[in-house]
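Input: a single structure, listed below in structure tokens.
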Ligand SMILES: [Zn+2]
């Protein structure tokens, strides 16, 4: 099947505008892939616990990363107007070779055995019998998305990941993440011939996995926008700019609490865009957490669904400018039952360049209106501090 026939076979709505990639009369959104499987929902861990008086004390009645959050967000996508334009990517488990590009054999063995009932020591990352399979399936989705984009079958794709991945390090699981989905995707792209890969992480927590994995690698740019002085504490400092062979290839952007849509867009325009342009990647990967949202219980940022749409639009334009449009987005955290689905839909709308037809039910809420306020001097100071720290990119 030709690329045009393949794309046209899965879309239904004509726009009348020929698209440069597939040449069809359908809009650019018709080459947006979506990787998801209900099989991922089997990974539904119990509440995390802390040790109190020598015994585990549960933090909440459910895990902060409960499976219903993923199911709910997927349901909203299927009810939106985007359902007719997404190209669904089937998931198959990632081969072990792909995982070994990032994780140690001993760690992978420990994770597999823990899923089978063995001992486990992940930090806020409980394991269930389904964890190993779900984690491999999510990575499989990232690999399929990277392949489709590198092959030119899709211009861009979103992986609805479960579990997420951006905290996972080569030898340990941290905070609901077990395998570093996008780091493995980056290594896969490199092995396929991509010369440079940029990872942009807008999850409210630090993208510590990519910082550690690619610390001294000049072929992978790891940019993390996160709430400053937050979790995890061992990474994310703005002065951490990469190893001796990769100065400037780690970019940490610690932002003050209550950073609004406009604040994130300012950081994107003033830092992310010029650095990614100068780095000139062949592929852009995005660790898209919805936990900077205005209602997220795990962060204190103020991003609205419209803000996520604008961020996704920005990154799609940037990928178009520097990487031939090649863009793979994978979801990370996002824990507000009332808002996460609308924020994820916002990301998809931004990538698709079209409206999902679902109004933000919280648009009139004072918190969401505050999220749409201007960037303040604290954000401008934070951006200026990063520019001073990143001497490779800003003189
Ligand atoms: Zn997070």
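Numbering (this note's numbering), first residue to last: 106 to 500. Don't be surprised by glycine CBs; every beta carbon is placed ideally from N, CA and C.
query, result
"Heavy atom of ligand 1 within 8 Å of residue 270 beta-carbon", "no"
"Residue 116 to residue 192 span [Cα, whole Å]", "With a pLDDT of only 33 at residue 116, under 50, the local geometry of the prediction cannot be trusted, and the value read off the model is given with reservation. One C-alpha to the other measures close to 8 Å."
"Residue 394 Cβ short of 8 Å to ligand 1 heavy atom set", "yes"
"Simplified DSSP state of residue 148, which is helix, strand or coil", "coil"
"Nearest to residue 388 (by Cα), restricted to the options 208, 365, 247 and 158", "247"
"3-residue-minimum beta strand (DSSP E) runs that sit fully inside the segment 376-417, ordered along the chain", "388-393"
"Counterpart residues of residue 332 in DSSP-defined beta bridges", "360"
"Distance between beta carbons of residue 178 and residue 235, contact taken as under 8 Å", "About 19 Å separates the two Cβ atoms, so there is no contact after all."
"Residue 400, buried or exposed, once every other Cβ within 10 Å from all chains shown has been counted against 16", "buried"
"For residue 442, the nearest candidate out of 157, 145, 169 and 153 (CA to CA)", "169"
"Own chain residues within Cβ distance below 6 Å of residue 266, not counting five before or after", "243, 286, 435 and 436"
"Residues that residue 258 bridges to, as DSSP identifies them", "Answer by DSSP bridge pairing: none, since residue 258 is not bridged."
"Rounded Cβ spacing between residue 220 and residue 232 (contact assumed at less than 8 Å)", "6 Å"
"Assigned secondary structure, residue 141 (DSSP; H/G/I helix, E/B strand, else coil)", "coil"
"Residue 309: CB within 8 Å of a non-hydrogen atom of ligand 1", "yes"
"Whole-number beta carbon distance between residue 469 and residue 421, since they are thought to touch under 8 Å", "With 8 Å as the limit, residue 421 and residue 469 do not qualify as a contact, their Cβ atoms being about 28 Å apart."
"Reduced DSSP category for residue 273 - H, G, I as helix; E, B as strand; rest coil", "coil"
"Residue 447: first and last residue of the uninterrupted alpha helix (DSSP H) it sits in", "445-457"
"Environment of residue 504 [buried if 16+ CB atoms lie within 10 Å]", "There is no way to answer for residue 504, as the model of the chain reaches only from 106 to 500."
"Close Cβ partners of residue 134 (< 7 Å) along its chain, the five nearest in sequence each way excluded", "Here residue 134 scores only 40 on pLDDT, less than 50, and its place in the model should not be relied on; the value that follows carries that caveat. So the qualifying residues of the chain are 190, 457, 458 and 459."
"Check: residue 438 C-beta below 8 Å from any heavy atom of ligand 1", "yes"
"Pairwise C-alpha distance: residue 270 and residue 343", "22 Å"
"Heavy atom of ligand 1 within 8 Å of residue 278 beta-carbon", "no"
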